[in-house]
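Single-structure report; data block below.
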Amino acid sequence: MTNHTEILSFVSKHELSRVIQALKIADCVALQIDKSVDKYNADSLFVTARYMDYTNFEMKASFLGKCHSELRGVIGMVDVLQKRFQYLEIEDVIKAKMCIAHKSDLAFESVENVVPEFRHWLTDVKNVATYFRGSSYRQENLHEIAASLGETAKHFPRHHEVRFAEHLANVVLAVLSNHQMMYAHWKQLYNKVKIMKNKARGFLKDWSQTSFNLNMSAVALDILRQFTYLQKEAQRTFVTLADLMQKRDHVLQRLSMIVNSPYPGGYEGKNFEAVRLEVITCAKNFLERRLDVDQDLQVKAMIDVANAENAEAIIKAGRQIVSDIFGDNYVSEFVDDAVGYYSSFDASSFKPHESNTAKLYLLLQKTTPSSLLNKLVQTFFITCPHSMITELVISWHTELKSDLRSSMSRNTVNDRLCIALNAIGTANFDPRPVVADFLSSKTRRSTLPDDELYRNREFVKKFFNTENNL
């Protein structure tokens, strides 16, 4: 019988070889590394790649592997990248380098770590969601109460250990939407079920109409919606650093409005108001500091290149960044491309206030494939430090390393993630190359039994012993 892990390994290698081949022929490749600590407190580093398919200008994102390093911080990340390059044999792919700061974590834990009251509130929210999700009877009772009130109860989603804003916002929204039904449920328990009286009393106290938890849930949901908006915008396929900074400024303006005016509905209590202000201020600081851009010159170059109306303007905007990324020897080639482009095409017809990304994409389509100007525009697209694949990788890893699979080896996890994130789908999958590799592998176990090993076993000798007439 063939080991399932062996087949996984061969399928994974086949899919990864297809990704590596695509990376080798791509004009520009951006590598991203993200760190995550799972519920077993194990550090994992996930390496992903973004590149553009020059045949149809489609953005691609691929998973390259889950790794571990004994080193910490940035040194550990660089160590992991080097080891992964050697393992995949793609050291020669990376020709020119431009570092973008690691700022892909849009989770909400910064506020949680700074404001103790917020951390306690979050624990209570997760406890409520778990309380109802963990019992079908409680969920049915909640729906019955909702029907009697003419309302509809929302499903309590599972809180992900990866604390992305959207997941937490869904949990808080369910708690707020179901509050009336939840309170009625706990009142029933308090009045009718003696053994549940103390637990129900605690819930009733913590989640009354004027409680801190309920008020904080409303404020947190308003903030989380802004983080969710920013997260979704940052994970669009064609997003640049310039776009990200613009969206961040929009969110900061909205958070400033919440600080200056009370949340709709109004809440009482000076203590709560103080915590409320601290939470909102912390959220603003998170965006201003952790999402502040360290590459101001690169962002300015993106905007100036997108809005250039002639060859002189685009050369002035892109000359320095071309020199930094590709080298001084390529500046003249960039100038030739810019002059040739504006000799063939007029300036963009977009208005100044319209999307810089749309202008860059039009420039990408019109420029000669693999020309230096074309590569520069590709670089603008792929070097954004945010990508949907980040959330996919960590979410898949969280699902994979469940309590029943906590001892799964790193190689098996890598194989499963590679197949899940890089494969083209069952309908389009051709198993023949994988089967051929498997059958030709020298490490494959023998298909024929070892007769001598079988005959020499004691129970076999005893079974076929003629003296015992068996």
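Okay, so the sequence shown: first residue is 1 according to the UniProt record's numbering, each after it adds one. Glycine included, C-beta positions come from ideal geometry on N, C-alpha and C. Values in this document were obtained by computation on a predicted structure and should not be read as measured data.
Per DSSP, the continuous beta strand (DSSP E) segment holding Phe63 begins and ends at 58-67. Put simply, of Tyr341, Leu230, Ile321, Ser409 the residue whose alpha carbon is nearest the alpha carbon of Leu376 is Ile321. Taken in chain order, the unbroken stretches of alpha helix (DSSP H) that lie wholly in the segment 136-204 and span 4 residues or more are 136-148, 165-177, 179-192. When rounded, the separation of the alpha-carbon atoms in Arg158 and Ala169 is 11 Å. A check of alpha carbon separations from Asp53 across Thr152, Thr379, Glu166, Lys232 identifies Thr379 as the nearest. Asn213 is a Cβ neighbour of Asp124, given a cutoff of 7 Å.
With a cutoff of 7 Å on beta-carbon distance, Ala242 and Ile303 are scored as near each other.
Collapsing the DSSP output to three states places Val11 in a helix. With a 10 Å radius around the Cβ and a threshold of 16 neighbouring Cβ atoms, Lys359 comes out buried.
Under the DSSP assignment, Met408 falls outside any beta strand (DSSP E); it carries neither an H nor an E label. By the neighbour-count criterion, in which a residue is buried when 16 or more other Cβ atoms sit within 10 angstroms of its Cβ, Ala153 is buried. With contacts defined as CB atoms closer than 7 Å, Asn422 and Val19 qualify as a contacting pair. Looking at the DSSP output, Arg50 bridges to Ala30, Ala61. Straight-line spacing of the CA atoms in Leu417 and Glu58 works out to 22 Å. Counting only residues of its own chain and dropping the five nearest sequence neighbours on each side, His185 has a CB closer than 8 Å to the CB of Arg138, Asn141, Leu142, Ile145. Between the C-alpha atoms of Ser36 and Val74 there is a straight-line separation of about 14 Å. For the options Met196, Val29, Asp337, the alpha carbon positioned closest to that of Tyr131 is the one of Met196.
Our two residues, Asp249 and Ala306, have alpha carbons roughly 20 Å apart in a direct line. Boundaries for Lys401: no alpha helix (DSSP H) harbours it, and the DSSP string shows neither H nor E there. Partner residues in the beta bridge of Leu45, as assigned by DSSP, are Lys35, Cys67. A residue is called buried once 16 or more other Cβ atoms fall within 10 Å of its Cβ, and Asp328, having fewer, is exposed. Between the C-alpha atoms of Tyr51 and Thr390 there is a straight-line separation of about 15 Å. Considering only Lys66, Leu31, Phe85, Gly150, the residue with the shortest C-alpha distance to Phe381 is Leu31.
Listed in chain order, the non-local C-beta contacts of Arg410 below 8 Å within the same chain comprise Lys66, His68, local neighbours out to five positions each way being set aside.
Secondary structure at Cys282: helix, using DSSP grouped into helix, strand and coil.
When DSSP states are grouped into helix, strand and coil, Ile20 belongs to the helix group. For Ser371, there is no enclosing alpha helix (DSSP H), as DSSP marks it with neither H nor E.
Contact between Val193 and Ala129 fails: their C-beta atoms lie close to 21 Å from each other, not under 8 Å. Distance from the CA of His167 to the CA of Val393, rounded to the nearest whole angstrom, comes to 15 Å. In this structure, the CA atom of Lys247 is about 48 Å from the CA atom of Val435.
Nearest in C-alpha terms to Leu221, of all of Thr210, Lys199, Ile258, is Ile258.
Within its own chain, the residues whose Cβ lies closer than 7 Å to the Cβ of Val251, once the five positions on either side in sequence are excluded, are Gln226, Tyr229, Leu230, Leu287, listed in chain order. Looking only at Thr426, Ala165, His397, the smallest Cα-Cα distance to Val413 is reached by His397. With fewer than 16 other beta carbons inside 10 angstroms of its own, Tyr87 counts as exposed.
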